[in-house]
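Student: Just so you know, the protein sequences line up as chains A and B, in that order.
Going left to right, the first sequence walks through residues 210 to 322 as the numbering used here numbers them.
Going left to right, the second sequence walks through residues 210 to 322 as the numbering used here numbers them.
Protein chains: 2
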Amino acid sequence: MANLSGDLDTVFHALSDPTRRAVMRRLVRSPASVTELAAPFEMALPSFLKHLAVLEEGGLISSTKAGRVRRCRLRATGLAAAEGWLGDQRRLWERRSDRLAQYVELRLTREGR
Amino acid sequence: MANLSGDLDTVFHALSDPTRRAVMRRLVRSPASVTELAAPFEMALPSFLKHLAVLEEGGLISSTKAGRVRRCRLRATGLAAAEGWLGDQRRLWERRSDRLAQYVELRLTREGR
DNA sequence: GGATAAGTTAGCCATATTGCTAACCATATA
DNA sequence: TATATGGTTAGCAATATGGCTAACTTATCC
Chain A
210 MANLSGDLDT VFHALSDPTR RAVMRRLVRS PASVTELAAP FEMALPSFLK
260 HLAVLEEGGL ISSTKAGRVR RCRLRATGLA AAEGWLGDQR RLWERRSDRL
310 AQYVELRLTR EGR
Chain B
210 MANLSGDLDT VFHALSDPTR RAVMRRLVRS PASVTELAAP FEMALPSFLK
260 HLAVLEEGGL ISSTKAGRVR RCRLRATGLA AAEGWLGDQR RLWERRSDRL
310 AQYVELRLTR EGR
């Protein structure tokens, strides 16, 4: 059963492979068929298909079949989930840094008296 | 040999596990020792240590040992690398959407004449 | 010095991941 | 209808991952 919600485990796992990231960079420009996507890689097609499955599992791409050709397109939701989590952490971290900076400044000011 | 540069493979891999993301969320607030970090998890300590190693490998945390206690702190570089890549893709994707929207608008306008 | 606390190392096991080949649909095309 | 094209399925092998226990080192505390 495919994980359409694209939870963080599967999203980040999908992004942890260079082949899969390359596919993402390709699809960011336009949708493409499986063989078009596979062309740049030396890999056998069944191996490549597994990568596509992992991307789809992570909600990073979606695909539909018309006739005998399957067309893949990028899904923004997966990217958004990952970027959202990272952004949250960074903002929390920056806020902490600000607090620390304020605290240090306060200490220095008091010591300066 | 540790991967201090935090390339995307190791960064995303490190983030693909809930235990490791929980450690990140904890460290975003303040540095902490290994046992402090391990406390919320049922896992045996050696297992937990492997997770810390993966995070450090990905350049997401760093640690130093003082006496017998190892203190871990968050490293922003790993987060920045991951967020940077994701942001790039999203921007490219949005730009494509804009182009597409412009194109569609253009077509509609011409058809409207 | 002896006990305790904080990590660490080594090694084992089960499962997941990533690659392959071979064989097999299903749909276009000649 | 025969053949090629695009994709899929099944199954194998090597390696990686994520968990464990047992044993060990190195501080720190009494």
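C-beta atoms are modelled at their ideal positions from N, C-alpha and C, and glycine is treated no differently.
Predicted model only: the values in this text are computed from it and were never measured.
If the criterion is Cβ atoms closer than 8 Å, does the pair D218/A and P227/B meet it?
Tutor: Yes; because the gap between Cβ atoms is below 8 Å, this pair is in contact.
Student: Run down chain A in chain order and give the residues with a C-beta less than 8 Å from the C-beta of V263/B.
Tutor: Correct list: empty, because the minimum Cβ distance to chain A is about 11 Å.
Student: Is the number of C-beta pairs between the region 241-249 of chain A and the region 259-279 of chain A that are closer than 8 Å three or more?
Tutor: They touch, by the three-pair rule.
Student: Nearest chain A C-beta to F221/B closer than 8 Å, yes or no?
Tutor: Chain A contact via Cβ: present.
Student: With distances taken between CB atoms, is the gap from L283/A to V237/A smaller than 8 Å?
Tutor: Yes. Within cutoff.
Student: In three-state terms, what does DSSP make of S256/B?
Tutor: Note: S256/B maps to helix in three-state DSSP.
Student: Using a Cβ cut-off of 8 Å, pull out every chain A residue sitting near E292/B, in sequence order please.
Tutor: What E292/B touches in chain A: E292, L295, G296, R299.
Student: Taking just the CA atoms, how far does M233/B sit from R229/A?
Tutor: Their backbone Cα atoms lie some 25 Å apart in a straight line.
Student: Is A241/A helix, strand or coil by DSSP?
Tutor: A241/A falls in the strand class under three-state DSSP.
Student: For the candidate residues H222/B, R300/B, G293/B, L288/B, whose alpha-carbon lies nearest to that of Q298/A?
Tutor: That would be L288/B, whose Cα lies nearest to the Cα of Q298/A.
Student: Applying the 10 Å Cβ sphere with the 16-neighbour rule, what's the burial state of S225/A?
Tutor: So S225/A ends up on the buried side.
Student: So with Cβ pairs under 8 Å, would you call S272/A a contact of chain B?
Tutor: So, not an interface residue.
Student: So, under 8 Å CB-CB, R293/A and E292/B are touching, yes? Tell me the CB distance rounded to an integer number of Å.
Tutor: Rather than Arg, the amino acid found at residue 293/A in this sequence is Gly. With 8 Å as the limit, G293/A and E292/B do not qualify as a contact, their Cβ atoms being about 10 Å apart.
Student: Residues in the region 227-249 of chain A with C-beta within 9 Å of chain B's C-beta atoms, listed in sequence order?
Tutor: Residues P227, R230, M233, R234, L236, V237, R238, S239.
Student: What is the rounded straight-line gap between the Cα of E303/B and the Cα of P255/B?
Tutor: Straight-line Cα distance between these residues: approximately 44 Å.
Student: Quick check on this structure: which residue in E266/A, A262/A, K274/A, R300/A has the alpha carbon closest to the alpha carbon of T286/A?
Tutor: Measuring from the Cα of T286/A, the nearest candidate turns out to be E266/A.
Student: According to DSSP, is R304/A helix, strand or coil?
Tutor: Note: R304/A maps to helix in three-state DSSP.
Student: Whose C-beta lies closer than 7 Å to the C-beta of S271/A among residues of the same chain, with five residues either side of it excluded?
Tutor: Excluding residues within five positions, the ones whose Cβ falls inside 7 Å are E265, R282, R284.
Student: Indicate, with yes or no, if the ligand COA has a heavy atom lying under 7 Å from the CB of S242/B.
Tutor: The ligand COA is absent from the structure shown, which contains no ligands of any kind.
Student: Given a cut-off of 8 Å on the beta-carbon distance, is the pair A223/B and L261/B in contact?
Tutor: Cβ atoms of A223/B and L261/B: not closer than 8 Å.
Student: When the Cα atoms are used, what is the spatial distance from F257/A to A290/A?
Tutor: If I take the Cα positions, the gap works out to 24 Å.
Student: Where DSSP assigns a beta bridge to A275/B, which residues make up the other side?
Tutor: In DSSP, A275/B forms a bridge with V278/B.
Student: Determine the chain B residues that contact L217/A at a beta-carbon separation under 7 Å, and present them in chain order.
Tutor: Ordered by position in chain B, the residues that pass the 7 Å Cβ test against L217/A are R230.
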